[in-house]
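Here is the structure we will look at.
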Amino acid sequence: MRGTGPDPYRRLVTDAALDRPARLSRVLALVVAAIAVSVLVGWVLQVEVLVTVLPGLTSMKLNTALCLLALAVSTGRLVPGHRWLPVPVVVLTLATLAEHVSGASLGIDELLVDDFTHTAGANLPGRMAITTAIALTALAVALLSQDRGRVRTPQVLSALTFVVGFVTVLGYAYGVSSLYAVVAYSTVAPHTAVVLVLLAVAVLARQPGGYVPWLLEGRDPGAVVGRMLVPIALVGLPLLGSLRLAGERAGWYDGVFGLALMVLGSATVSVALALVAGRRLQAVDVARQAAQVELETLVESLREGRDEAWERAEQTARELGHERARFSRSIGQLDDQFCTLRVDVRGRIWCHFATPDPVGLLSPVVARLTGAPDGPDLDPVSTRTLDVVAAQVRAGRAVNVELQVPGADGLVRWVWLRGTPRREGEDLYLDLVATNVDERRALTDKLEDALDVARRQRDELEQVNRLKDEFVAMAGHELRGPLAVISGNLELLGLTAPSPDQARSLETMRRRVEGMQALVDDLFDLARLRSGRVSVELAEVGIAAAVHDAAAEVEPAARAGEVYLEVADTGPSGLTAYCDPRRLHQMLANLVGNAVKYTPPGGRVRLAVGEAGDRVQIEVLDTGIGVAEADLPHLFEKFYRASSAREGQLPGTGLGLAVTHALAEAQGGSVRAERREGGGMRFVLELPRLDPDVPAAAAAAALGTSVPRP
442 MRGTGPDPYR RLVTDAALDR PARLSRVLAL VVAAIAVSVL VGWVLQVEVL VTVLPGLTSM
502 KLNTALCLLA LAVSTGRLVP GHRWLPVPVV VLTLATLAEH VSGASLGIDE LLVDDFTHTA
562 GANLPGRMAI TTAIALTALA VALLSQDRGR VRTPQVLSAL TFVVGFVTVL GYAYGVSSLY
622 AVVAYSTVAP HTAVVLVLLA VAVLARQPGG YVPWLLEGRD PGAVVGRMLV PIALVGLPLL
682 GSLRLAGERA GWYDGVFGLA LMVLGSATVS VALALVAGRR LQAVDVARQA AQVELETLVE
742 SLREGRDEAW ERAEQTAREL GHERARFSRS IGQLDDQFCT LRVDVRGRIW CHFATPDPVG
802 LLSPVVARLT GAPDGPDLDP VSTRTLDVVA AQVRAGRAVN VELQVPGADG LVRWVWLRGT
862 PRREGEDLYL DLVATNVDER RALTDKLEDA LDVARRQRDE LEQVNRLKDE FVAMAGHELR
922 GPLAVISGNL ELLGLTAPSP DQARSLETMR RRVEGMQALV DDLFDLARLR SGRVSVELAE
982 VGIAAAVHDA AAEVEPAARA GEVYLEVADT GPSGLTAYCD PRRLHQMLAN LVGNAVKYTP
1042 PGGRVRLAVG EAGDRVQIEV LDTGIGVAEA DLPHLFEKFY RASSAREGQL PGTGLGLAVT
1102 HALAEAQGGS VRAERREGGG MRFVLELPRL DPDVPAAAAA AALGTSVPRP
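Put into C-alpha cells, the structure is as follows:
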C-alpha cells in the first residue's frame, strides 16, 4: 500500500531544485531592503531625491518604506524571528486602509517624521496610497500563509501584488495616470511599484512547488516553453508598446499605423517563439521517447532479473526446507536435547530454538532460565544451580553443570548441561545441550562403592603385610638362636679330627647353615626396613676401601665360577660417602655377588667409582645373562626373580636386590638397574656425600637416622 506521508526522496529533490530560487529570493529581498533603507535615510535627512527618485514624482512614504523593509527581511530570512515581521505590516496597512475609507486620521501617517515633500499629485501628507496598502497587505498575508505550509494562497496573493506593481510601472512608462493613481490623493510612487514587483517575485520564489521555482528549475516541456515566453511577455511586449508610443509622439506615424506595427511585431515574435518552442518540444519528445525505450528495456531487464531472483529464492527455500527436514531427522535420532538461548540488551533470556522434548529433559531448564511463570517446581539445589547458569549465560560465559530435573513422566533424572556462548552482531547466543546421565551417575556410584571396597581390601592387605613382616622378623629373630647353636656345634665337631667322610658332611652342613643364616638375615633386615625399625648408623666412609673389601669377599666365588672380577676405578683420592659402613658393605656384596652369580664362565664383572654432583656413584657392570625389558621394573621387589634366572634354574631367593634397594633409600641414596648393549647388566648405587658446611647431626636428622657416638 502506498504511504500517505511525505516522500523523503521527493522532498530531497525539491529542496535541491529550490537552491536557485532561494538564492534569487534572497538577492531580490536584499535589493528591496537596500531601497527601503535608502528611502528611510532620505526621510530622516530630508533628502528629496532619495524619497522621490526624480523631482516632481510622487514620494515613497515613510510607512511604506518601513513595511517594505520588514517584508524584505522576512522574505530573505535575514534575521531570527523573521516569520513574525509581516504581522505589524498587516496592522499598519489595515489601519491605513481604514483611514482612507473613513476619511479620518489615526495619527500613523507622520508618526516619526513630517512630510517635507511638495510634489505634484502627492498623497495626503505622510499617508501611503490605497493601492500600496492593499499590495503590502497581500504580501504580508502571503508570507504568513507560506510559513504555515499553505501553497495556493501565497501564490495568489503574491501574483496580485505583482500585477499591481507591474500595472503601475506600465502606467508610468506609458504616461497613463489612471494606472498609478486611483484618486488624485492616492498615487503609487514609481520606485514603490518597482519594489512591489521585485518583492512579489521574491515571495513567489520562496514557495516550494510554485510557479517561479518551476520556471527556473523545471525540465519538463512546459517549463522550457515558460522560460521562453515569460520574458517576452513581461519585457518584450511592454517594450514594443513603448516603441510604438515613442514613434507616435515623434510624429513618425499615426495611431493606427503604430497599432499595426505593434501587432506585426507581436505576431513575428509569437511565431518565432512558437517555432523555437516547437523545436524544443520536439527535442524533448525525442529525448522522452529515447528515455521511454531505455526505461522499457530496463523494466524488461528488471522483470527478467526479478523472475530469476524469485526462481532462485524458491529454489533456496526448497533447499532450506530439505536441510531443515534433514536436520530435524538427525536431531531426532540423538538422545541429547538442544536449544539456542538469546540474551537481549536488557539481560532477559529468550529461547530462540529448541528440539522436541517428549521426556522433559530441557523444558524445565528453559522455563527456569527464561522466567516462564508455568515452569515446573525444582528442588532448592537445582533452583540455585540454574540461577547460577542464568548468570553465566547473561555474562557470556560457558556452561558445564549437572543437576536433577523432573521429567514429564514424573521421574527425576540427572541432566548434564553444557554450552558455549557466541555473538552475532550485538546479540549474545548460547547453544545449550542437555544429556541424560542417569546411567553414568549410577555407574559412578557403583564405581565409588567398588573403590570403597578396594580401599578396604587394600587396608586389610597392608595390615596382613604388616603382620607378615612382623611374623618374619619375629621368626628370623627366633631362628637366629638355633642357627647360632648349630654353627657353634659344627665348629666344635670340626676340632675333633673327623674322618674324611665326616669332614665332607660337616662342610656341607656348615654351608647349609651359612646359607640359612644369610636368608634369615635378609628376611630379618627386610622386615625391619619395611616396618621402619632398621638401625642405620651414618658416618663418613672411604669409598675405595669399601669397594676393595667387597671385591675381596666375592673374589673366591668369582674364581670358582671362572669369572674375571676387577676394580677398574675407585674415583678421586679420598672420596667419601655419608652412609653406614656395615650396610654399604652389605649392599656392595649383594650387587657384586649377584653379578658374579649370573655371569657365565669366562665373563667379566667390573666395579667403578665416580661422582655425580653431591653424590657418590658406584657402578657394577657384568657380561652376564641379563634380564628382559619387562623384568626391569620388578627387579627390586621382594622374592622377585627375573625370567632369565628362572629359566637357567640358578639358585636364589629374590631378596638380595630388595634388601639393597631398601638399605639405599634408608641412607638417602638410590639404586637402579639398566640393560647393557650386547648383553649383561649395569647396576648403579648412589649415596650422598657429606657437605663439609653441614654438621653430621643435622644431616642425620634430615635422613631420620642416628649419629654414631665416638
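Residue 442 is where the sequence shown starts when you use the numbering used here, and the numbers rise one by one after that. No residue lacks a Cβ here, since even glycine has one placed at the ideal position from N, Cα and C. Keep in mind it's a predicted model, so treat the numbers as computed, not measured.
In the DSSP annotation of this structure, the continuous segment of the beta strand (DSSP E) that includes residue 1122 starts and ends at 1122–1129. Taken atom to atom, the span from the alpha-carbon of residue 850 to that of residue 856 is near 15 Å. C-alpha of residue 761 to C-alpha of residue 886: approximately 45 Å in a straight line. DSSP, reduced to helix, strand and coil, places residue 862 within a strand of the structure shown. Look at the beta carbons and you see the segment 1059–1072 touching the segment 1114–1130: at least three pairs across the two are nearer than 8 Å. Secondary structure at residue 627: strand, using DSSP grouped into helix, strand and coil.
Residue pairing from DSSP places residue 845 in a beta bridge opposite 855. Counting C-beta pairs with one atom in each stretch, the segment 661–670 and the segment 490–506 have fewer than three that are closer than 8 Å, which means they do not touch. In terms of CA proximity to residue 679, 615 leads the group 615, 701, 1107. If you check the CB distance, residue 1099 and residue 1115 do not come in under 8 Å. Using a C-beta cut-off of 8 Å, the segment 572–591 makes contact with the segment 532–542, since at least three inter-stretch Cβ pairs fall below that distance. Contact between the segment 832–843 and the segment 748–761 is not established, with fewer than three Cβ pairs separated by less than 8 Å.
Under the 8 Å Cβ criterion, the segment 596–616 counts as touching the segment 635–653, having at least three qualifying pairs.
Straight through space, the alpha carbons of residue 900 and residue 892 are spaced by roughly 12 Å. DSSP places residue 1008 within a strand segment (E or B) once states are collapsed to three. Unbroken alpha helix (DSSP H) runs of no fewer than 4 residues, entirely contained in the segment 453–490, are found at 460–486, following chain order.
Under DSSP, the beta-bridge partners assigned to residue 1062 are 1047, 1123. In this structure, the beta-carbon distance from residue 829 to residue 802 does not fall below 8 Å.
Looking from the CA of residue 866, the closest CA among 1072, 785, 823, 549 belongs to 785. Membership of residue 621 in any alpha helix (DSSP H) is not indicated, and neither H nor E is assigned to it by DSSP. Here residue 871 is bridged, per DSSP, to 782, 862. Boundaries cannot be given for residue 693, as no alpha helix (DSSP H) includes it and DSSP labels it neither H nor E. Between the alpha carbons of residue 673 and residue 693 lies a gap of roughly 25 Å.
Pairing residue 583 with residue 468, the inter-Cα distance amounts to about 19 Å. Only residues of its own chain outside the window of five on either side were considered, and among them 784, 788 have a CB closer than 6 Å to the CB of residue 835, listed in chain order. Secondary structure note for residue 791: its beta strand (DSSP E) is the uninterrupted segment 790–795.
Rounded to the nearest whole angstrom, the C-alpha separation of residue 1027 and residue 1021 is 10 Å. About 14 Å separates the beta carbon of residue 782 from that of residue 805, a gap too long to meet the 8 Å contact definition. Taking residue 1034 as reference, the option from 1119, 549, 1004 with the minimal CA-CA separation is 1004. Bounds of the alpha helix (DSSP H) holding residue 515 are 503–517.
Taking the C-beta atoms as reference points, residue 1017 is found no nearer than 8 Å to residue 1052. Residue 1116 is bridged by DSSP to 1122. For the pair residue 606 and residue 637, the CB atoms are nearer than the 8 Å cut-off. DSSP, read as helix, strand or coil, puts residue 500 in coil. One alpha carbon belongs to residue 610, the other to residue 570, and they sit about 15 Å apart.
Between residue 748 and residue 874, the C-beta spacing is not below 8 Å.
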